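First comes the structure, then the notes that go with it.
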Amino acid sequence: MKLSKEKQQQLLLVAMGVVLVIAVLYMLIISRQKEQIATLAATCDKVQADVDKAKKTIKSKDIELEILTSRSNELATIESTLASGGDKYAWFRQTWNRFRMPYQTRVETPFISQPNIGPAAMYGEFPYLTASFNVRGTAHYHDLGRLLMDFENKFPCFRVQKLNISPAEGADTPEKLNFEMEVVTLVNPK
Numbered sequence: 278m279k280l281s282k283e284k285q286q287q288l289l290l291v292a293m294g295v296v297l298v299i300a301v302l303y304m305l306i307i308s309r310q311k312e313q314i315a316t317l318a319a320t321c322d323k324v325q326a327d328v329d330k331a332k333k334t335i336k337s338k339d340i341e342l343e344i345l346t347s348r349s350n351e352l353a354t355i356e357s358t359l360a361s362g363g364d365k366y367a368w369f370r371q372t373w374n375r376f377r378m379p380y381q382t383r384v385e386t387p388f389i390s391q392p393n394i395g396p397a398a399m400y401g402e403f404p405y406l407t408a409s410f411n412v413r414g415t416a417h418y419h420d421l422g423r424l425l426m427d428f429e430n431k432f433p434c435f436r437v438q439k440l441n442i443s444p445a446e447g448a449d450t451p452e453k454l455n456f457e458m459e460v461v462t463l464v465n466p467k
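Heads up: the sequence shown runs through residues 278 to 467, numbered per our numbering.
This is the structure we're talking about:
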C-alpha cells in the first residue's frame, strides 16, 4: 500500500512528535524519578549501616553487661572470704587452723598475734582495710614451703610478708626451722 506524499509527511511528523513526547517525558519525569530512586537507595544504605552499627553496639553492651555481671559475682565470691565486722582475730585463727588441718602434725603455729588493722596503702581510694597478723611456729623446711605455697594459692587476698626463718634450737632433726611471718589480708569494712 502506497501512501501519498502528504500522508507520508504526516506520518513522519506524527512519529517525530511521538519520539519528541517520549523524550520530553523521559527527561522530565523518568530521569527525576531515577534520581529520587538513587537518593532513596543511598539513604536506605546509610540507614541500614546505622542499624547495623546500633545492633553491634547493643550486642557489645550485652557482652559488657555479661562481663560486668560475671566480675561482680567473682568479686562477691572473693568478698565472702574476707573478714568483715566482728572479731578479726577469731576469724583469722579459725581460717588459719582450718587451712592448716592437713599440715597440723608437721607445722606448729603456737603464736598468732592480735591484728594490726589499717588502711590499704596500695591505692588512693581503695575500699578495703588490711589486717596483719604475726604468726610464729616451727616446721620442716619442705612442709613450710608447701604450706606457704598452698596458702597463698588458696587465699588470693592474703599475702605472706617479712618471712624470717632460722634453724630450730635443740631440734632433733636438722631440717626443722623456726619461722616468723607477717600475714596480711584484706578486710571488708562493710
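Cβ coordinates follow ideal geometry from the N, Cα and C atoms, glycine included.
All values reported here derive from a predicted model rather than from experimental measurement.
Contact set for residue i: own chain, Cβ-Cβ below 6 Å, skip 5 residues either direction
i	result
residue 440	458
residue 294	none
Cβ pair residue i, residue j closer than 8 Å
i	j	result
residue 280	residue 289	no
residue 408	residue 372	no
residue 358	residue 385	no
residue 392	residue 365	yes
residue 434	residue 355	yes
Alpha carbon of residue i to alpha carbon of residue j, nearest angstrom
i	j	result
residue 465	residue 361	5 Å
residue 455	residue 445	5 Å
residue 383	residue 417	7 Å
residue 424	residue 353	26 Å
residue 443	residue 375	26 Å
residue 422	residue 380	11 Å
residue 477	residue 325	Residue coverage of the chain in this structure runs from 278 to 467, which leaves residue 477 outside it and unanswerable.
residue 322	residue 314	12 Å
residue 292	residue 299	11 Å
residue 351	residue 452	40 Å
residue 412	residue 347	35 Å
residue 438	residue 450	26 Å
residue 306	residue 319	20 Å
Coarse secondary structure for residue i, derived from DSSP in three states
i	result
residue 406	strand
residue 463	strand
residue 385	strand
residue 422	helix
residue 323	helix
residue 414	strand
Supposed close pair residue i, residue j - CB separation, criterion 8 Å
i	j	result
residue 233	residue 389	Here the chain has residues from 278 to 467 only, and residue 233 is not among them.
residue 369	residue 432	Not confirmed; about 11 Å, so no contact.
Neighbourhood of residue i by C-beta, 7 Å cutoff - its chain only, sequence neighbours within 5 removed
i	result
residue 467	361
Close-in-space but distant-in-sequence residues of the same chain around residue i (CB under 8 Å, 5 per side omitted)
i	result
residue 436	429, 460, 461 and 462
residue 283	none
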